[in-house]
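Note that our numbering has the sequence shown beginning at 535, numbered continuously upward. Quick reminder that beta carbons are idealized off the backbone N, C-alpha and C, glycines included. Below is one structure, written out as structure tokens; the observations come after it.
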Amino acid sequence: MSQWSQVQQLEIKFLEQVDQFYDDNFPMEIRHLLAQWIESQDWEAAANNEAMAMILLQNLTIQVDEQLERVSQEKNLLLIHNLKRIRKLLQGKYHGNPMHIAVIISNCLREERRILAAASMPVQGPLEKSLQNSVVSERQRNVEHKVSAIKNSAQMTDQDVKYLEDVQEEFDFRYKTIQSLEQNDKNSALIKQEMLVLQAMLNTLDYKRKEVLSKIGRVIHEIDMLMSNMLTEELLDWKRRQQIACIGGPLHGGLDQLQNCFTLLAESLFQVRRQLEKLDELLTRLTYDGDPIPVQRPQLLEKVNLLLYNLFRNSFVVERQPCMPTHPQRPMVLKTLIQFTVKLRLLIKLPELNYQIRVKATIDKNVSTVSNRRFVLCGTHVKAMNMDESANGSLSVEFRHLQPKEMKTSTGSKGNEGPHMVTEELHSISFETQVCLYGLTINLETSSLPVVMISNVSQLPNAWASIIWYNLSTNDPQNLSFFNNPPAATLSQLLEVLSWQFSSYVGRGLNSEQLNMLAEKLTGQQVSYNDYQLSWAKFCKEHLPGKSFTFWVWLEAILDLIKKHILPLWIDGYVMGFVSKEKERILLKDKTPGTFLLRFSESNLGGITFTWVDQLENGDVTFHSVEPYNKGRLSALPFADILRDYKVIMADNVPENPLKYLYPDIPKDKAFGKHYSCQPNEVSKPSDGGVKGYVPSVFIPVSKILNDSIEPHSPSDLLPMSPSVYAVLREHLSPTAIETAVS
């Protein structure tokens, strides 16, 4: 079943989440019509490879054209209209930046996988629940409503200023007319009447000036209150959601809505500023005792300028955190002399700023790190922000060719690179620019979330663990001394993040039973998720009891195993994986002989094994676990083929496959048949390409159990025949000959 088919079967509350991230950037019609084709492409790789992204974009356009031809024959007018619109979108919006559509589709597929994983969980995790708080959603709506009301108020004040200008022009005309009369005429009754009219007009002018200044003051106050409270909270919430998304959580939307709010507020403030300038013009043409303009205008203008400064400073954000194209799901881990990308956006989108703002990138600027290592950025580190590179037309800049380079210390060597010291050092990439607009000059600065610098890819797992722990534990964007005294994490939140590692990296998250096993492995006991606090050392630094590796190294090796060798089986949900030996026996003991399950090895890094239940002649139940298969052996033979062809040589018996049913009762071939690389027992004939004069051979995994009646004392008793022994055997005998010899 395709991923899209699974999505369509979700409950309505999950479908609503899916609906949120499909928009005009990637319409849902295309996702639906081209579901299987889209899922078969490597969008993740294309998101960091422009040539590959261009090819995929061209192929996507071809696919749309084929769909358009099909629906044209069916005369489906609505679908024809939508497909033409989508084709125009693809050709116009992404032709100059094909990697952007790859990023969008990759993110959508990843978010679908996360939602599918969340749907399989009995309850929503605490972190995700907090991000989808109804109070937050209500605040978002309130912010948008208030911004719209402020914009309307500013526009209405424009009309008041225009009316004030008209009244003053009439007053000026009447006053100058009287001034031009002869002295004798000024004493006439008519002139005296006109003077009374002028006095009334002056009173009206005074009233209107006070009224306009009062309205301007209210608009400024409303903007100030909105910026100080709800808008600031919205921005902080978005930054927190970005942190969580970086470590595998839900995609962080809402930046376009924030941009709309920031832009409207900036436009309103500039509009108020123009109104104050107009009042200054009116002041130069007419003033009087008690005139409110010279008293109130300077204070209001100062407040407007201050609000503009703060609004611009808050609007300069890192839209996409630093990330190496080679490791798109491990952001904020950077390797020396390897390029990384980072994208910034100014949330105030004004046409006057297009290509006018140059951004400079630096590393560890004005920051005291806990490291004695120092770095510089090589590559293009100054670029102009523009509205042309982003598909949504935002004012942004993306650095694609930056490389961190480590500097030598004064002693002539590079800094200390202990195994944990390097991966616990946090660094900061800073960005600065200057905005000059309408007589204002505003200096802007922002920084990425803390990054970890590595010099060898072997440091990547521990570096990623540091990124996870930091962003899980704090919303402080610049606590570079965090690992001097790292706080403990709540076990329930940590387990949720661990499930995200699986949903985002290998397409399927962990269920409650799997998480229970991880919790017991982390704590050594059955504990309450909500109350238990886990230390950083327990997670990443201390070895597991009786083992030579940490919990995190063990888990990372499993992720790597799934990604490279058993991904389809994992996505289908046929790998139970995280289950203890004790629990697997409880699950299997009452099952039909030949029932088996797949679990990850607890003693071997990156190993997977299977255990099956059997029944002895006396009726007793026995269990057999095969030696774990690691990536070396799985590189030679697909795991599904191993399950199909696996043989056990019992004493005085012909080899047979003991694996009949995948737990709980799924026929083996029904579960894994579609993943077999060839038909069962298919053997090449001599004419099929083997070396002339030799009998072709196939590799069949074999284990030998010496005595059915004896329960093995340890897993080592169930080791399969060693590859070296079997290789010698295979060189001299065909599989048929082996079976005959054994029997």
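Would you mind working out which of the options sits nearest residue i, comparing C-alpha positions?
i	options	result
Q537	L842, R647 and T595	R647
F1017	S1000, L878 and K1081	S1000
H961	Y1039, Y1004 and T967	Y1004
F850	A651, A579, P632 and E966	E966
D1124	V552, V1109, V893 and T1156	T1156
P1079	K744, E1054 and E768	E1054
T1148	F555, V1182, L613 and G626	Looking at the sequence shown, residue 1148 is not Thr but Asp. Closest by alpha carbon: V1182.
Q575	I639, K627, A653 and S992	I639
N559	M690, P1189, I635 and T1145	I635
L1029	L594, A587, I546 and A652	A652
N686	Q805, L840 and I725	Q805
V541	E645, E600 and R604	E645
L878	V829, E550 and E979	E979
V910	E923, A895 and F933	A895
N582	P859, E1190 and L1139	P859
R808	Y972, F555 and E578	Y972
E958	S1015, G927 and G1140	S1015
I754	E672, L803 and K899	L803
W1070	A997, L1093 and I1142	A997
V867	P1201, D790 and I1002	I1002
S1278	Q1067, G788, L1044 and T1057	With the chain covering only 535 through 1277, there is no way to say anything about residue 1278.
N737	L698, D758 and L1032	L698
Can you tell me whether residue i is helix, strand or coil according to DSSP?
i	result
K742	helix
K1219	Residue confidence is low: K1219 scores 45 on pLDDT, short of 50, so the model does not pin down where it sits. Its coordinate-derived value is still stated next. Reduced to three states, the DSSP call for K1219 is coil.
D1179	helix
P953	Because the pLDDT at P953 is just 49, under 50, the model does not fix this residue reliably, and the point stays unresolved.
S1248	Caution applies to S1248, whose pLDDT of 41 falls short of 50 and renders its modelled position unreliable; the value that the coordinates give is listed next. Coil.
A895	strand
A1022	coil
H1209	helix
Q575	coil
S982	coil
K560	Note that residue 560 is Phe in the sequence shown here, rather than Lys. If DSSP states are grouped into helix, strand and coil, F560 belongs with coil.
A1275	In this prediction, A1275 scores a pLDDT of 48, lower than 50, which makes its location untrustworthy; the coordinate-derived value is nonetheless stated afterwards. Helix, per DSSP.
T1143	strand
Q890	coil
G783	coil
H629	coil
T818	helix
P1127	coil
R1042	coil
F1297	Residue 1297 lies beyond the range of the chain shown here (535 to 1277); nothing can be said about it.
M759	helix
Q1149	strand
Taking the continuous beta strand (DSSP E) assigned at residue i, which residues delimit it?
i	result
F874	F874 to L880
S606	No beta strand (DSSP E) contains S606, which is instead part of the alpha helix (DSSP H) from E584 to E608.
L929	L929 to M941
F965	I963 to L971
H861	Looking at the DSSP string, H861 is not in any beta strand (DSSP E), and its letter there is neither H nor E.
H1158	V1155 to S1159
L525	Here the chain has residues from 535 to 1277 only, and residue 525 is not among them.
F846	Taken as a continuous stretch (DSSP letters only), F846 belongs to no beta strand (DSSP E), being part of the alpha helix (DSSP H) at I827 to S849.
V910	R908 to C912
State the start and end residues of the unbroken alpha helix (DSSP H) segment that holds residue i.
i	result
K547	I546 to Q554
S539	Q537 to Q542
A997	L994 to S1007
L868	Unbroken run through L868 is the beta strand (DSSP E), V867 to K869; no alpha helix (DSSP H).
K917	Taken as a continuous stretch (DSSP letters only), K917 belongs to no alpha helix (DSSP H), being part of the beta strand (DSSP E) at V916 to A918.
Kindly give me the distance between the Cβ atoms of residue i and residue j, rounded to whole angstroms, as I take these residues to be in contact under 8 Å.
i	j	result
V876	Q863	Between Q863 and V876 the Cβ distance is about 16 Å, and since that is not below 8 Å, they are no contact.
C795	L765	6 Å
H1077	K1165	Wrong, their Cβ atoms sit about 22 Å apart, outside the cutoff.
M919	S930	6 Å
K869	V991	7 Å
F1036	L1056	No, F1036 and L1056 are not in contact; Cβ-Cβ is about 16 Å, not under 8 Å.
Validate contact between the region 1098 to 1106 and the region 1033 to 1052 using beta carbons, cut 8 Å, 3 pairs: yes
Segment contact, 8 Å Cβ cut-off, at least three pairs: the region 1128 to 1141 with the region 1108 to 1119: With the rule of 3 Cβ pairs closer than 8 Å, the region 1128 to 1141 counts as touching the region 1108 to 1119.
Contact the region 838 to 845 vs the region 799 to 814: 3+ CB pairs below 8 Å: yes
Given 8 Å, three or more beta-carbon pairs between the region 824 to 841 and the region 699 to 718: no
Stretch-stretch touch, CB-based, cutoff 8 Å, three pairs: the region 805 to 824 with the region 734 to 748: yes
Stretch pair the region 1113 to 1128 + the region 1080 to 1089: three plus CB contacts closer than 8 Å: no
Touching by the beta-carbon criterion (3+ pairs, under 8 Å), the region 582 to 594 and the region 623 to 635: yes
Any 3 or more C-beta pairs closer than 8 Å across the region 613 to 627 and the region 1019 to 1036: no
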